[in-house]
Amino acid sequence: MNFKKIFYKIDIETVPSGKINEITGKPIMEKVEKYTPYKCEFQPLDEKMYQSALGRFPDVTDLLICRPLKFLQTGAEIVYKDIKYEVLYRPRDWGKHIEVFVKPKK
C-alpha cells in the first residue's frame, strides 16, 4: 500500500525548563509533547458499511490504515491534521497493514 498522509505519535518527555529551584538548586523539569511522524491513510468511517461486514463499532468516526505499529493499542493518542484522536479498539491486523478505529479526543 502507498500511504500518502501523515499522523503523529504523541510522546511525553520531561525536559529542563531553564529555571532553577531556589530551595534545592536543581533544575525545574516540565513535560513536553513530542510528535513522531508516520505515514498512513486516514478516512471517515461509514458505520453502516462496517456494521454489516464486521459488526458494530460504537463511537468510531474515522479509520486509520498504516503499517503494523505496536504502540497503536486501545487508549493510545495520535494527532492528525492538528486534531487529537484516541484509539478505541484493538487494531485489525491484515499482515502488511492494520486498520485502527479512532475518534476525536474531547
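The opening residue of the sequence shown carries number 4 in my numbering; numbering runs sequentially from there.
Even glycine gets a Cβ: it sits at the ideal position worked out from N, Cα and C.
- In summary, I81 is buried, with 16 or more beta-carbon neighbours lying within 10 Å of its beta-carbon over all protein chains present.
- For P107, the uninterrupted beta strand (DSSP E) run begins and ends at I101 to P107, by DSSP.
- Where V90 is concerned, the enclosing beta strand (DSSP E) starts and stops at I86 to V90.
- Taking C-beta separations shorter than 6 Å and ignoring five residues to either side along the sequence, the partners of Q46 in its chain run L66, following chain order.
- In the three-state reduction of the DSSP assignment, M32 falls in the strand class.
- Going by C-alpha positions, K108 is about 32 Å away from K22.
- In the same chain as Q76, and ignoring 5 residues on each side of it, the C-beta atoms closer than 7 Å to its own belong to V90 and R93, in chain order.
- DSSP places P71 in the coil class of the three-state scheme, outside both helix and strand.
- DSSP links L66 through a beta bridge to Q46 and F104.
- Straight across, the Cα-Cα distance linking R70 with K7 is about 12 Å.
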